[in-house]
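Taken in order, these protein sequences are the chains called A and B. For the record, in the first sequence the residue sitting at position 61 is 67 according to our numbering, with numbers rising by one throughout. For the record, in the second sequence the residue sitting at position 90 is 95 according to our numbering, with numbers rising by one throughout. Input: a single structure, listed below in structure tokens.
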Amino acid sequence: SQTIHQWPATLVQPVGSPLSLECTVEGTSNPNLYWYRQAAGRGLQLLFYSVGIGQISSEVPQNLSASRPQDRQFILSSKKLLLSDSGFYLCAWSLYGVNTEAFFGQGTRLTVV
Amino acid sequence: RKEVEQDPGPFNVPEGATVAFNCTYSNSASQSFFWYRQDCRKEPKLLMSVYSSGNEDGRFTAQLNRASQYISLLIRDSKLSDSATYLCVVTGGFKTIFGAGTRLFVKA
């Protein structure tokens, strides 16, 4: 069966510090991978998606970046965090095709102080 | 215009009530449609897929109207445990887009 791992679960970082969140998927090959952010009391905002190794599409211009160094690994990074980067970050995967649902990791709650 | 739009609510209903959520999407080439449920401070989880012919799962009924580009979710006989945020999800090719969600509070 497929599983998705995301870590850390919670993170408190000072403004201006770097960020690295990692997500890995097991039990499937060539998944579509996604990073979403959810601000407090708000909906899910798609940040990045990837259809393959090294292929990253950005949905929202900001100080975040994403990389996919391996087929089942997706990393979200920032060189310098802003207060507005605080939120609930969710990694998800899906298979390409019709009626393919997305499966989420448990999320990382990031607080920038 | 947002790709997927939902009424944010909140919807406050008594136990046993019937409640309906609607969602509109802008991309007519969208292929797949889902409703997800998200509990407070948790990740979203699939509630049900939405098919063109409509589908039902117990107290939940989902419908799709491709011509008008909207999907709906009907919850009958609401339970306290139905309190959550319901997210409309639309996929097309490589992208999975979530609506902002509709919050539901079911009260005794």
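The beta carbon of each residue, even a glycine, is placed where N, CA and C say it ideally should be.
In DSSP terms, what LEU25 of chain A is bridged to:
A:SER84, per the DSSP bridge assignment.
Can we count LEU87 of chain A as close to the ligand PLP, meaning its CB is less than 7 Å from some heavy atom?
Only the bare structure without any ligand can be found here, which leaves the ligand PLP out of the picture.
Where are the beta strand (DSSP E) runs, 3 residues long or more, that stay fully inside the region 24-85 of chain B, in chain order?
Within the region 24-85 of chain B, the complete beta strand (DSSP E) runs of at least 3 residues are 24-30, 37-43, 50-55, 60-62, 65-70 and 75-80.
For TYR42 of chain A, count the other beta carbons within 10 Å of its own beta carbon; 16 or more makes it buried, fewer makes it exposed. Which is it?
By the neighbour-count definition (other C-beta atoms within 10 Å, threshold 16), TYR42 of chain A is a buried residue.
Starting from the N-terminal side, write out each stretch of the beta strand (DSSP E) that is 3 residues or longer and does not extend beyond the region 12-82 of chain A.
Runs of the beta strand (DSSP E) inside the region 12-82 of chain A: 16-19, 25-32, 38-44, 50-58, 61-64 and 70-76.
Proximity below 8 Å, CB of PHE109 of chain A to CB of GLN8 of chain A
Going by C-beta atoms, PHE109 of chain A is nearer than 8 Å to GLN8 of chain A.
Does CYS93 of chain B pass the burial test, meaning 16 or more other C-beta atoms within 10 Å, or should it be called exposed?
Burial check for CYS93 of chain B: the Cβ neighbour count within 10 Å reaches 16 or more, so the residue is buried.
Mind checking whether GLN36 of chain B and GLY97 of chain B have CB atoms under 8 Å apart?
Their beta carbons are under 8 Å apart, which means GLN36 of chain B touches GLY97 of chain B by this criterion.
Have a look at LEU79 of chain B and ARG71 of chain B and give me their C-alpha separation to the nearest angstrom.
Those two C-alpha atoms are separated by around 17 Å.
Quick one: using the 10 Å Cβ neighbour count with 16 as the cut-off for buried, is THR114 of chain A buried or exposed?
Under this definition THR114 of chain A is a buried residue.
PHE103 of chain B: contacting residues in chain A (beta-carbon distance under 8 Å):
The contacting residues are TYR42, GLY49, LEU50 and LEU52.
Cβ-Cβ distance between GLN61 of chain A and ARG78 of chain A below 8 Å
Cβ distance not < 8 Å, so GLN61 of chain A and ARG78 of chain A don't count as in contact.
Mind listing which residues of the region 38-63 of chain B have their C-beta closer than 9 Å to chain A's C-betas, in chain order?
Contacts with chain A (Cβ-Cβ distance below 9 Å) from the region 38-63 of chain B involve PHE38, PHE39, TYR41, GLN43, ARG46, LYS47, GLU48, PRO49, LYS50, LEU51, SER54 and TYR56, listed in chain order.
Is ALA67 of chain B buried or exposed, if buried means 16 or more other CB atoms sit within 10 Å of its CB?
Flag for ALA67 of chain B reads buried.
Please state the DSSP three-state secondary structure of LEU101 of chain A.
LEU101 of chain A falls in the coil class under three-state DSSP.
Mind listing the chain A neighbours of LEU92 of chain B? Cutoff is C-beta to C-beta under 9 Å, in chain order.
Against chain A, the beta carbon of LEU92 of chain B has neighbours under 9 Å at GLY49 and LEU50, listed in chain order.
Boundaries (first-last residue) of the beta strand (DSSP E) holding GLY97 of chain B:
Segment 89-97, the beta strand (DSSP E) holding GLY97 of chain B.
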